[in-house]
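Below, the structure written as structure tokens:
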């Protein structure tokens with residue numbers, strides 16, 4: 001890891017004005033993400049983990065503090081295609097084939113026809129969906145659809161991948177399989193990944209760093225650097241090191257969360 | 261093929277009820293005719309019969325119920341009579357090469373169909389443009405939508421003659437244009453409402469996805485909103501085409517038109533020929549059925565080509 005900063009947040013604040021008064025979605029968030037990191041954001045609903053991701057993507061705008069992506073403002077970074085965003089729902093267009101869904105960002109960004117085809121083939125290979133380019137989304141399983149949406153986010157060579165509970169709606173067996181594939185993909189492509197999740201084992205298994213957050217106001221309560229090796233078979237989840245980190249995450253969640 | 265039986269059953273029930281209704285509807289006319297023919301019926305005079313219910317008349321004159329099924333000018337013709345009249349004014353005339361005669365329903369249907377087509381085209385265009393304006397601008401959402409709703413509360417029969425008068429004031433010759441305007445007036449509304457719903461159907465995250473690509477407004481429209489609205493569009497087009505046909509017929513009714521199905525209905529009413537009215541009505545129903553079926557076909561083909569399961 002070069003230590004080059006991809007995301008840097010300094011005292012980030014975001015207050016939503018709602019009919020029930022102001023809601024402090026993010027309060028004094030300080031975090032830096034280095035190039036090549038796999039950072040998970042974990043916490044209960046309303047802790048601001050998704051909001052933070054949306055700020056990075058310039059889908060929300062902070063009301064205070066500083067936030068830079070690749071040394072630029074989030075808006076600028078978006079125009080420079082700094083990131084690919086993967087939503088919880090695969091969100092593939094039902095009227096487009098898988099290949100044409102992946103072409104969607106490429107069409108908007110004005111890539112040539114030949115380059116579009118070339119890139120589609122490349123990313124379909126990356127997510128193990130060769131031969132499915134001509135299928136329509138409804139012909140694919142939920143896990144395959146989500147892989148296609150990851151391929152769509154990878155198609156235009158953004159170095160940063162923002163993933164908002166991408167496997168949240170899938171069953172555990174499919175999820176394990178996708179987690180394994182995602183790690184392999186991350187190693188092969190050297191992308192920086194920010195990954196929002198509800199699942200402690202998922203966060204610990206995937207990440208080099210785990211950011212524990214808590215709600216009201218949304219804030220960071222703990223940042224854990226994982227000592228796990230880069231090579232992670234699924235069985236690593238039964239080792240004492242793994243369980244120790246999981247325990248620390250659970251403690252962090254409990255400390256930050258008042259069960260009222 | 262499994263759907264044939266229920267469809268035929270419903271048809272049989274409708275035709276059966278129709279046949280049953282003919283007896284009470286026509287008993288008075290049948291008795292009047294029999295009386296004029298010198299037969300004795302009870303009560304004997306039309307005046308005396310006036311206060312007796314049709315059911316009582318049928319019970320007291322069972323021999324004359326049959327005559328109600330073969331009248332020249334029945335209150336309610338039988339399906340068979342309507343069918344015969346329909347054939348006489350369409351198929352039979354076509355076989356004799358007189359399909360375009362002024363007495364042929366093919367000719368009148370064609371006149372109505374033309375206006376319906378132009379009205380449908382105009383109404384659909386206005387509906388779609390209005391929907392785009394409403395979805396993309398809050399100002400037009402607030403200012404256009406209430407008028408669109410109010411426009412549908414004004415009875416079209418009241419408005420139709422005014423449209424004819426106004427368009428002749430503007431120097432527009434003939435009935436074609438005002439008829440198409442009346443037709444469009446009825447047809448644009450379902451298209452507008454359906455398209456507003458369709459253009460707004462993309463979910464929050466689908467729109468966010470395009471924002472992450474920094475897509476322009478035009479790209480969001482052409483790549484997401486428009487294709488997402490297609491299923492809604494076709495549903496409203498089917499309602500719209502039926503409304504356009506109704507609009508055209510209404511436009512032909514109170515306006516002194518001499519051709520078109522609406523004019524046939526009016527003329528049939530004025531000359532007391534119920535068979536002409538009923539065959540024009542059935543012709544209009546068949547026309548509406550054909551138009552809706554055609555649109556359904558276009559919908560299936562379009563959505564299948566778009567990869568959506570229709």
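Protein chains in written order, with the working numbering: chain S, 1 to 260; chain Y, 261 to 570. Note that CB positions come from ideal geometry on N, CA and C, so glycine has one too.
Residues bridged to residue i [DSSP beta-bridge criterion]
i	result
residue 22 (chain S)	S:17
residue 195 (chain S)	S:40, S:163
residue 7 (chain S)	S:33, S:69
residue 12 (chain S)	S:29
residue 46 (chain S)	Partner(s): none; residue 46 (chain S) has no beta bridge.
residue 86 (chain S)	S:163
residue 64 (chain S)	S:13
Option nearest residue i by Cα separation, candidates the options
i	options	result
residue 470 (chain Y)	Y:463, Y:480, Y:462, Y:461	Y:480
residue 192 (chain S)	S:160, S:181, S:80	S:160
residue 474 (chain Y)	S:51, S:32, S:64, S:74	S:74
residue 230 (chain S)	S:166, S:207, S:220	S:207
residue 536 (chain Y)	Y:307, Y:303, Y:339	Y:339
residue 337 (chain Y)	Y:275, Y:377, Y:386	Y:275
residue 459 (chain Y)	Y:440, Y:397, Y:342	Y:397
residue 381 (chain Y)	Y:443, Y:431, Y:417, Y:532	Y:443
residue 70 (chain S)	S:94, S:220, S:33	S:33
residue 461 (chain Y)	Y:513, Y:445, Y:448, Y:486	Y:486
residue 363 (chain Y)	Y:328, Y:546, Y:567, Y:521	Y:521
residue 448 (chain Y)	Y:377, Y:326, Y:282	Y:377
residue 68 (chain S)	S:235, S:203, S:4, S:249	S:4
residue 454 (chain Y)	Y:416, Y:383, Y:372	Y:383
residue 388 (chain Y)	Y:496, Y:287, Y:431, Y:375	Y:496
residue 135 (chain S)	S:174, S:99, S:72	S:99
residue 138 (chain S)	S:117, S:232, S:93, S:28	S:93
residue 390 (chain Y)	Y:451, Y:519, Y:281, Y:566	Y:451
residue 559 (chain Y)	Y:400, Y:361, Y:491	Y:491
residue 254 (chain S)	S:228, S:78, S:215, S:144	S:215
residue 494 (chain Y)	Y:533, Y:555, Y:264, Y:446	Y:555
Proximity test, residue i beta-carbon vs the ligand PLP heavy atom, cut-off 7 Å
i	result
residue 399 (chain Y)	This structure does not include the ligand PLP; it has no bound ligands of any sort.
Within-8 Å CB hit, residue i to chain C
i	result
residue 435 (chain Y)	You won't find chain C in this structure, because its protein chains are S and Y.
Run through the segment 114 to 193 of chain S for me and flag every whole alpha helix (DSSP H) of 4 or more residues, listed as ranges in chain order.
142 to 154, 172 to 189
Residues of the segment 444 to 472 of chain Y with a CB closer than 9 Å to any CB of chain S: list them in chain order, please.
If the cut-off is 9 Å between Cβ atoms, the segment 444 to 472 of chain Y has 463, 465, 466, 468, 469, 470, 471, 472 near chain S.
Please give the ranges of any beta strand (DSSP E) in the segment 207 to 245 of chain S, keeping only runs that are unbroken, at least 3 residues long and fully inside the region.
For the segment 207 to 245 of chain S, whole beta strand (DSSP E) runs of length 3 or above, ordered along the chain, are 209 to 214, 219 to 225.
At a CB distance below 7 Å, what residues from the segment 45 to 73 of chain S approach chain Y? Give them in sequence order.
Those residues of the segment 45 to 73 of chain S that come within reach of chain Y (Cβ to Cβ, closer than 7 Å) are 57, 59.
Name, going along the chain, the residues of the segment 86 to 118 of chain S whose beta-carbon falls closer than 8 Å to a beta-carbon of chain Y.
87, 88, 89, 91, 93, 94, 95, 96, 97, 104, 105, 107, 108, 109
Given 8 Å, three or more beta-carbon pairs between the segment 161 to 170 of chain S and the segment 195 to 205 of chain S:
yes
Under 8 Å, with one C-beta from each stretch per pair, do the segment 207 to 216 of chain S and the segment 40 to 60 of chain S reach the 3-pair mark?
yes
Length-filtered (4 minimum) alpha helix (DSSP H) runs lying within the segment 371 to 424 of chain Y:
398 to 413
Give, in chain order, every residue of the segment 469 to 494 of chain Y whose Cβ lies closer than 7 Å to some Cβ of chain S.
469, 471, 472, 473, 474, 475, 479, 483, 487
Taking any Cβ of chain Y, which residues in the segment 188 to 218 of chain S have a Cβ under 7 Å from it, in chain order?
none
The segment 497 to 505 of chain Y in contact with the segment 551 to 561 of chain Y per 3-pair CB rule at 8 Å:
yes
Are the segment 12 to 31 of chain S and the segment 177 to 193 of chain S in contact at 8 Å, needing three or more beta carbon pairs?
no
Chain S contacts from the segment 547 to 569 of chain Y (Cβ-Cβ distance under 7 Å):
Residues passing the 7 Å Cβ filter: 566, 567, 568, 569.
The segment 299 to 316 of chain Y contacting the segment 345 to 352 of chain Y, beta-carbon criterion three pairs below 8 Å
Because the criterion of three Cβ pairs below 8 Å is not met, the segment 299 to 316 of chain Y and the segment 345 to 352 of chain Y do not touch.
Mind checking the segment 122 to 148 of chain S against chain Y and listing, in chain order, the residues whose C-beta falls within less than 7 Å of any C-beta there?
Listed by position along the chain: 136, 138.
In the segment 293 to 363 of chain Y, which residue ranges form an unbroken beta strand (DSSP E) of at least 3 residues, counting only runs that do not cross its ends?
none
As an exercise, report each continuous alpha helix (DSSP H) stretch of at least 4 residues that is fully enclosed by the segment 468 to 492 of chain Y, in chain order.
Within the segment 468 to 492 of chain Y, the runs of alpha helix (DSSP H) at least 4 residues long that lie entirely inside it are, in chain order, 477 to 480.
At a cut of 8 Å, does the segment 108 to 127 of chain S reach the segment 45 to 60 of chain S through at least three beta carbon pairs?
no
For the segment 517 to 560 of chain Y, list the alpha helix (DSSP H) runs that are entirely contained and at least 4 residues long, ordered along the chain.
521 to 530
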